[in-house]
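Here our numbering is used: the first residue of the sequence shown is 1010, the next is one more, and so on.
Ideal Cβ positions, reconstructed from N, Cα and C, are used throughout, including at glycine.
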Amino acid sequence: MGLTSVLGVVALLSSTHAAMFYKTGAPCDFTDVNIDDEVFSRLIAKLPEGMESGPQGYHKFIFAGLETGGLTVHGLSKMRRFGPVIPFCTNGSRMVQVDLYSGGDMRLSSPWKSCSGNEGHITIQASFTRFTFQFRVVESTVAGVKLEFDRALPVVAQGVRISVDGAGHAARAAFEILSALLPGFMEELWSSQYSLNINKAFRLIDE
């Protein structure tokens, strides 16, 4: 999805800044399930460091004479665990819930170019991002635990900023002002895109 499309649809999205709450169902046996930091570290390490999102061709931007390319997601493999792992049952299946966070390593970037020949990148980044994840326990043996991704929702995004390189001072200042004046919009833009792409990335490694 190009940056133009992202900016167009994000205003229509309802807020998803809420953690998922686990629910109990039929009892499950977790006696042989041992999930520690190493389990999640191995799982997160499988995620791509950079992942293209949507069509990568150039499209007209909201400003005349400017085109932007497709988004690339960076830093998914840099997430870390936040808080405890919560085991629960749903419909007789063993599940675990955990929060993962990034301290500023994740970012979205999109190339841009103008009719005058200038080019660079537009980057969206947050100083802190936290998501709630749910995984299904599909296997537990002496060799370890295998988790299958179920879902992820954003909990909080802080310090979201949009910046542009390759442009003049006026353009850079305009994007800085946009970040400062519309924090709610920027947080929604960030969270909606990362929710989509985190779900996509985990489903790719589950295949």
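**Prompt:** What are the boundary residues of the alpha helix (DSSP H) that includes M1195?
**Reply:** P1192 to D1215
**Message:** Can you confirm whether the segment 1098 to 1112 touches the segment 1166 to 1184 when touching is taken to mean that 3 or more C-beta pairs between the two stretches lie within less than 8 Å?
**Reply:** no
**Contact under 9 Å by Cβ, S1119 with H1130** = yes
**Prompt:** With 16 other CB atoms within 10 Å as the buried threshold, where does D1108 fall?
**Reply:** With 16 or more other Cβ atoms within 10 Å, it is buried.
**Request:** Specify, as a first and last residue, the run of the alpha helix (DSSP H) that D1045 falls within.
**Result:** No alpha helix (DSSP H) holds D1045; DSSP gives it neither H nor E.
**Asked** Can you name the residues that DSSP bridges to Y1110?
**Response** R1089 and R1139
**Asked** Out of A1180, G1092 and P1057, which has the shortest C-alpha to C-alpha gap to T1081?
**Response** P1057
**Request:** With a 10 Å radius around its C-beta and 16 neighbouring C-beta atoms as the bar for buried, classify P1093 as buried or exposed.
**Result:** exposed
**Same chain only: Cβ atoms within 6 Å of M1195, ignoring 5 sequence neighbours per side** = V1169 and S1188
**Prompt:** By the 10 Å Cβ neighbour count, where 16 or more other Cβ atoms means buried, how is N1206 classified, buried or exposed?
**Reply:** buried
**Asked** When we look at the beta-carbon of V1048 and count the other beta-carbons within 10 Å, is it buried (16 or more) or exposed?
**Response** buried
**Prompt:** Among the residues of its own chain, which have a CB less than 8 Å from the CB of P1192, if the five just before and after it don't count?
**Reply:** V1169
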